[in-house]
Amino acid sequence: MKKLLICTNYRANPNQHSCAARGSKALATDLAHLVKNEEVEIIVETSNCLGYCDIGINLKLSPNGDFIHNAIKSQDSQAKLFELIKEFAIK
Ligand code: FES
Numbered sequence: 001m002k003k004l005l006i007c008t009n010y011r012a013n014p015n016q017h018s019c020a021a022r023g024s025k026a027l028a029t030d031l032a033h034l035v036k037n038e039e040v041e042i043i044v045e046t047s048n049c050l051g052y053c054d055i056g057i058n059l060k061l062s063p064n065g066d067f068i069h070n071a072i073k074s075q076d077s078q079a080k081l082f083e084l085i086k087e088f089a090i091k
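Put into structure tokens, the structure is as follows:
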């Protein structure tokens with residue numbers, strides 16, 4: 001089954017960017033609820049660092065899907081993110 005990975009890594013050094021510091025845990029919770037409520041067939045999982053800390057929040061569509069960078073927690077971006085996730089899930 002396809003997966004959406006959301007980095008929820010937190011870096012202890014405040015001078016280093018991290019997805020968790022940008023609100024990725026709340027975004028993961030919101031997207032998991034949307035996927036469940038809309039019955040989209042994709043598994044939402046949190047992940048460790050995806051290696052793009054400076055341009056987070058980072059997500060990865062798996063297998064063989066794109067990375068999504070700079071995902072922020074706002075209504076507008078969540079709607080766009082959700083459309084990308086749905087498109088990937090039905091491919
Ligand atoms: S902390 Fe999220 S990609 Fe590194």
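So the sequence shown is numbered by our numbering: it starts at 1 and just counts up by one.
Ideal Cβ positions, reconstructed from N, Cα and C, are used throughout, including at glycine.
Where residue 29 sits in the DSSP three-state scheme: helix
Pairwise C-alpha distance: residue 45 and residue 28: 8 Å
Cβ-based burial, residue 58 [other Cβ within 10 Å; buried from 16]: buried
Cβ shell of residue 17 (< 6 Å), same chain only, five flanking positions each side left out: 53 and 54
Residue 90, buried or exposed, once every other Cβ within 10 Å from all chains shown has been counted against 16: exposed
Minimum C-alpha distance to residue 73 - residue among 3, 1 and 21: 21
Bridge partners - residue 46, DSSP secondary structure assignment: 6
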